[in-house]
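Asks: As they're listed, the protein sequences go chains S and Z. So for the first sequence, our numbering puts the first residue at 1; every next one is plus one. So for the second sequence, our numbering puts the first residue at 213; every next one is plus one.
Protein chains: 2
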Amino acid sequence: MPVTIIIFEDNAHLRESLTSLLSLTDDYSVINSFPDCSKVAEQIKRYQPDVVLMDIDMPGINGIEAVKKIREFDKKVQIIMLTVFDDNTHVFEAMYAGANGYLLKKYVSDKLIDAIRDVLDGGAPMSPSIARMVISNMQQPIHKVADNDYQLTAREKETLQLLSKGNSFKMIAAQLNISIDTVRTHIKRIYDKLHVRSQIEAVSKAINERLV
Amino acid sequence: MPVTIIIFEDNAHLRESLTSLLSLTDDYSVINSFPDCSKVAEQIKRYQPDVVLMDIDMPGINGIEAVKKIREFDKKVQIIMLTVFDDNTHVFEAMYAGANGYLLKKYVSDKLIDAIRDVLDGGAPMSPSIARMVISNMQQPIHKVADNDYQLTAREKETLQLLSKGNSFKMIAAQLNISIDTVRTHIKRIYDKLHVRSQIEAVSKAINERLV
DNA sequence: TTCCGTGTAACCTGATTGAGGTATGGCACA
DNA sequence: TGTGCCATACCTCAATCAGGTTACACGGAA
């Protein structure tokens, strides 16, 4: 039996195009399509589609809000965003909301069929520029890591890591198999190097600057 | 002129296969390949390739370390990881290190040519399961934010925020214009609500679960 | 070979924090 | 009008922490 699909898209012309594009293959069946998301929850519950194609810019409830509503009760339906927006805000909000894929409309005719198969296989179809944005977003932390080098020794880093997880000096001593006085010594050197004067300052700095 | 490519891969057979696969098209030229990364920096500087194909599991310096070394001096060369590892740790470490794409070896014969074109077009080629891991990783934060409601009162949140910034009880008291004993009371209630028994545990939990 | 950095360990003093309590005034809601 | 929640404040004792100092073993660099 074919994969069932529901489309949310306010542009009637595009809604038609998508439907006919997908009807070219027997594997997919567009069981319904809607111009807005005012009743998105009940529509999803009623039709139980395998895949949802979701526009972002729609009158009333936008596509990102709609994804949030769907994810409140359904974690399994595969949702592919289909939009013209390729800016950070829209992409990341859609991903945070729980979308599984993000396809720019300009690639739809070429890539939609592949994207649906991909998302059903457990992938996350993304237009190239979107994929690059996503991984650039992940890479930001490294730059920070790169320039905050406080010259901590290996042992001091271990100590700081354990401290940052909420361990007391006594617990750190037990886990590192050293005496509590040695832990003190390490901690004192860490304070000197990080220019802090207390546990919390050290932990706060360690976590915020991703030293751990 | 063709796209220049360098390959780092310890398996001689696979190194050959990749080279011959890429020689099928005139667009790509494998200008050199190496079985390890011991001289990765000077090799990249010397050959100035457009694209690097990088294995992860190699003797000596592994692929992720090699990516870090390359990114210290070259942010522009496009690096595609080519590995058998599809676990979180390897994927995210490679991305953090500065890889532009991540292809599982089982898809290499089908997807390598596309992936290289994709990465040169500003995309981020990823095998489907990798893409899904990356976006799942982005989606984690919301779930946390949603369910960590410890019912802190407004004053308790303020206190926790100040604590998390490295303030002592005394400093918090001064900033909130209350006595140090009141700060104690708030902190005790916070400990009860967060189920912790010390400053560092509270701060660690607060920062990690974004309560502040 | 000597010296320095690192990791280890110990001791001391004074300050801060944790864990029990108890108590009071204000405010909202029933 | 009482009950509950919040913010405030105080007390005591034990535990933990900060800062200072000293010491020793080990390995690598000068």
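The beta carbon of each residue, even a glycine, is placed where N, CA and C say it ideally should be. For clarity, every value in this text was computed on a predicted model and none was experimentally measured.
Is residue 16 of chain S buried or exposed, if buried means 16 or more other CB atoms sit within 10 Å of its CB?
Replies: Position 16 of the first sequence, counted from the start, is the residue given in the question as residue 16 of chain S. By the neighbour-count rule (16 or more Cβ atoms within 10 Å), residue 16 of chain S is not buried but exposed.
Asks: Anything in the region 321–353 of chain Z with a Cβ closer than 9 angstroms to a Cβ of chain S? List those residues in chain order, please.
Replies: The residues in question are 330, 331, 333, 334, 335, 336, 337, 338, 339, 340, 341, 342, 343, 344, 345, 346, 347, 348, 349, 350, 351, 353.
Asks: Does residue 34 of chain S come out as helix, strand or coil in the three-state DSSP assignment?
Replies: Sequence index remark: in the first sequence, residue 34 of chain S carries index 34 (1-based). DSSP places residue 34 of chain S in strand when its eight states are reduced to three.
Asks: Smallest Cα separation from residue 397 of chain Z: which of Z:363, Z:281, Z:367, Z:234?
Replies: Along the second sequence, read from residue 1 onward, the residue named residue 397 of chain Z stands at position 185. It is Z:367.
Asks: Return the CA-CA distance between residue 144 of chain S and residue 209 of chain S, expressed in angstroms with no decimal places.
Replies: Translated into positions along the first sequence, residue 144 of chain S becomes position 144. Translated into positions along the first sequence, residue 209 of chain S becomes position 209. With a pLDDT of 45 at residue 144 of chain S, under the threshold of 50, the modelled position of that residue is not reliable, and the figure given next carries that caveat. Computed Cα separation, rounded: 7 angstroms.
Asks: Output needed for residue 370 of chain Z: all residues of its chain with C-beta closer than 8 angstroms, excluding positions within five of it in sequence on either side, in chain order.
Replies: Along the second sequence, read from residue 1 onward, the residue named residue 370 of chain Z stands at position 158. Closer than 8 angstroms at Cβ, skipping near neighbours: 388.
Asks: With a CB to CB cut of under 8 angstroms and the five nearest residues on each side skipped, what residues in its chain are close to residue 341 of chain Z?
Replies: Position 129 of the second sequence, counting from 1, holds the residue named residue 341 of chain Z. Excluding sequence neighbours, residue 341 of chain Z sits near 298, 316.
Asks: I'd like to know if residue 408 of chain Z contacts chain S, where contact means its C-beta is closer than 8 angstroms to some C-beta of that chain.
Replies: Here residue 408 of chain Z is taken as the residue at index 196 of the second sequence, counted from 1. Yes - at least one Cβ of chain S is within 8 angstroms of the one on residue 408 of chain Z.
Asks: What residues from the region 297–313 of chain Z come within 9 angstroms of chain S, judged by C-beta to C-beta, listed N to C?
Replies: From the region 297–313 of chain Z, only 304, 307, 308, 309, 310, 311, 312, 313 have a Cβ closer than 9 angstroms to chain S.
Asks: Near residue 2 of chain S, what residues of its chain come up, given a Cβ to Cβ distance below 6 angstroms and the 5 sequence neighbours on each side ignored?
Replies: In the first sequence, counting from the first residue as 1, residue 2 of chain S sits at position 2. Taken in chain order, the residues that qualify are 27, 28, 29.
Asks: Helix, strand or coil for residue 296 of chain Z? Go by DSSP, reduced to three states.
Replies: Working through the second sequence from its first residue, we reach residue 296 of chain Z at position 84. DSSP places residue 296 of chain Z in coil when its eight states are reduced to three.
Asks: In chain order, which continuous runs of the alpha helix (DSSP H) of length 4 or greater are located wholly inside the region 295–349 of chain Z?
Replies: Whole alpha helix (DSSP H) segments, 4+ residues: 300–309, 320–332.
Asks: May I have the straight-line CA-CA distance separating residue 11 of chain S from residue 337 of chain Z, to the nearest angstrom?
Replies: Within the first sequence, residue 11 of chain S is the residue found at index 11, counting from 1. Within the second sequence, residue 337 of chain Z is the residue found at index 125, counting from 1. Straight-line Cα distance between these residues: approximately 31 angstroms.
Asks: At 7 angstroms on the CB atoms, spell out the chain Z contacts of residue 165 of chain S, in chain order.
Replies: If you number the first sequence from 1, residue 165 of chain S lands on position 165. Ordered by position in chain Z, the residues that pass the 7 angstroms Cβ test against residue 165 of chain S are 416.
Asks: Suppose the cutoff is 7 angstroms on Cβ atoms and the five residues either side in sequence are ignored; what does the same chain contact list for residue 180 of chain S look like?
Replies: In the first sequence, counting from the first residue as 1, residue 180 of chain S sits at position 180. Same-chain partners within the cutoff: 169, 170, 173.
Asks: Output the distance between the C-alpha atoms of residue 401 of chain Z and residue 71 of chain S, rounded to the nearest integer angstrom.
Replies: Counting from one through the second sequence, the residue named residue 401 of chain Z turns up at place 189. Counting from one through the first sequence, the residue named residue 71 of chain S turns up at place 71. When rounded, the distance between both Cα atoms is 34 angstroms.
Asks: Would you tell me roughly how many angstroms separate the C-alpha atoms of residue 287 of chain Z and residue 321 of chain Z, rounded to the nearest one?
Replies: Counted from its first residue, the second sequence places residue 287 of chain Z at position 75. Counted from its first residue, the second sequence places residue 321 of chain Z at position 109. Going from the Cα of residue 287 of chain Z to the Cα of residue 321 of chain Z covers about 27 angstroms.
Asks: Determine the DSSP secondary structure at residue 273 of chain Z, reduced to helix, strand or coil.
Replies: Translated into the one-based positions of the second sequence, residue 273 of chain Z becomes position 61. Here residue 273 of chain Z sits in coil by DSSP.
Asks: Assess contact between the region 246–254 of chain Z and the region 275–282 of chain Z, defined as three or more Cβ pairs (one per stretch) separated by less than 8 angstroms. Is contact present?
Replies: Contact between the region 246–254 of chain Z and the region 275–282 of chain Z is present, because at least three Cβ pairs lie under 8 angstroms.
Asks: Quick check on residue 290 of chain Z: does DSSP put it in helix, strand or coil?
Replies: The residue you call residue 290 of chain Z lines up with position 78 of the second sequence. Reduced to three states, the DSSP call for residue 290 of chain Z is strand.
Asks: Quick check on the burial criterion: 16 or more other C-beta atoms within 10 angstroms. Buried or exposed for residue 121 of chain S?
Replies: Locating residue 121 of chain S in the first sequence gives position 121, counting from the first residue. Exposed, by the Cβ-count rule.
Asks: Starting from residue 263 of chain Z, trace the beta strand (DSSP E) in both directions and tell me its first and last residue.
Replies: Within the second sequence, the letter at position 51 stands for residue 263 of chain Z. Per DSSP, residue 263 of chain Z belongs to the beta strand (DSSP E) from 263–266.
Asks: For the alpha helix (DSSP H) holding residue 469 of chain Z, just list the boundary residues, first then last.
Replies: Only positions 213 to 424 of chain Z appear in the structure, and residue 469 of chain Z is not among them; the question remains open.
Asks: Using the beta-carbon count (16 or more within 10 Å), is residue 235 of chain Z buried or exposed?
Replies: Here residue 235 of chain Z refers to the residue found at position 23 of the second sequence. Exposed is the call here.
Asks: Cutting at 6 angstroms between CB atoms, please list the residues of its own chain near residue 296 of chain Z, excluding the five before and the five after it.
Replies: Position 84 of the second sequence, counting from 1, holds the residue named residue 296 of chain Z. Excluding sequence neighbours, residue 296 of chain Z sits near 317.
Asks: Identify, in the order they occur along the chain, each residue of the same chain with its Cβ nearer than 7 angstroms to the Cβ of residue 199 of chain S, setting aside the five sequence neighbours on each side.
Replies: Numbered from 1 along the first sequence, position 199 holds the residue referred to as residue 199 of chain S. Hits under 7 angstroms: 163.
Asks: Quick check: what's the CA-CA separation for residue 244 of chain Z versus residue 44 of chain S?
Replies: Sequence index remark: in the second sequence, residue 244 of chain Z carries index 32 (1-based). Sequence index remark: in the first sequence, residue 44 of chain S carries index 44 (1-based). About 54 angstroms.
Asks: Inspect the beta-carbon positions of residue 305 of chain Z and residue 267 of chain Z and report whether they are closer than 8 angstroms.
Replies: Taking the second sequence and counting its residues from 1, one reaches residue 305 of chain Z at position 93. Taking the second sequence and counting its residues from 1, one reaches residue 267 of chain Z at position 55. Against a cut-off of 8 angstroms, the Cβ pair of residue 267 of chain Z and residue 305 of chain Z comes out as no contact.
Asks: Would you kindly work out how many angstroms separate the C-alpha atoms of residue 339 of chain Z and residue 191 of chain S, rounded to a whole number?
Replies: Start at 1 with the first residue of the second sequence, and residue 339 of chain Z comes out as number 127. Start at 1 with the first residue of the first sequence, and residue 191 of chain S comes out as number 191. If you take the alpha carbons of residue 339 of chain Z and residue 191 of chain S, they lie about 44 angstroms apart.
Asks: Mind listing the chain S neighbours of residue 412 of chain Z? Cutoff is C-beta to C-beta under 8 angstroms, in chain order.
Replies: Taking the second sequence and counting its residues from 1, the one referred to as residue 412 of chain Z is at position 200. Those are 163, 164, 166, 167, 168, 199, 200, 203, listed as they occur along chain S.
Asks: Please decide whether residue 190 of chain S counts as near chain Z, where near means a Cβ-Cβ distance under 8 angstroms.
Replies: The residue labelled residue 190 of chain S in the question sits at position 190 within the first sequence. No, residue 190 of chain S does not count as interfacial toward chain Z.
Asks: Are there 16 or more other CB atoms within 10 angstroms of the CB of residue 271 of chain Z, so buried, or fewer, so exposed?
Replies: As a working note, residue 271 of chain Z is residue 59 in the second sequence. By the neighbour-count rule (16 or more Cβ atoms within 10 Å), residue 271 of chain Z is not buried but exposed.
Asks: Please confirm whether residue 325 of chain Z and residue 265 of chain Z have their CB atoms less than 8 angstroms apart.
Replies: Taking the first residue of the second sequence as position 1, residue 325 of chain Z is located at position 113. Taking the first residue of the second sequence as position 1, residue 265 of chain Z is located at position 53. It is not a contact, given that the beta carbons lie outside the stated cut-off.
Asks: Quick one: is residue 302 of chain Z buried, meaning 16 or more other Cβ sit within 10 Å of its Cβ, or exposed?
Replies: Taking the second sequence and counting its residues from 1, one reaches residue 302 of chain Z at position 90. That one is buried.
Asks: For residue 31 of chain S, which residues in chain Z fall below 9 angstroms Cβ to Cβ?
Replies: As a working mapping, residue 31 of chain S is identified with position 31 in the first sequence. In chain order: nothing, as chain Z lies at least about 25 angstroms away.
Asks: Buried or exposed: which applies to residue 348 of chain Z, given that a residue is buried once 16 or more other Cβ atoms fall within 10 Å of its Cβ?
Replies: Locating residue 348 of chain Z in the second sequence gives position 136, where the first residue counts as 1. So residue 348 of chain Z ends up on the exposed side.
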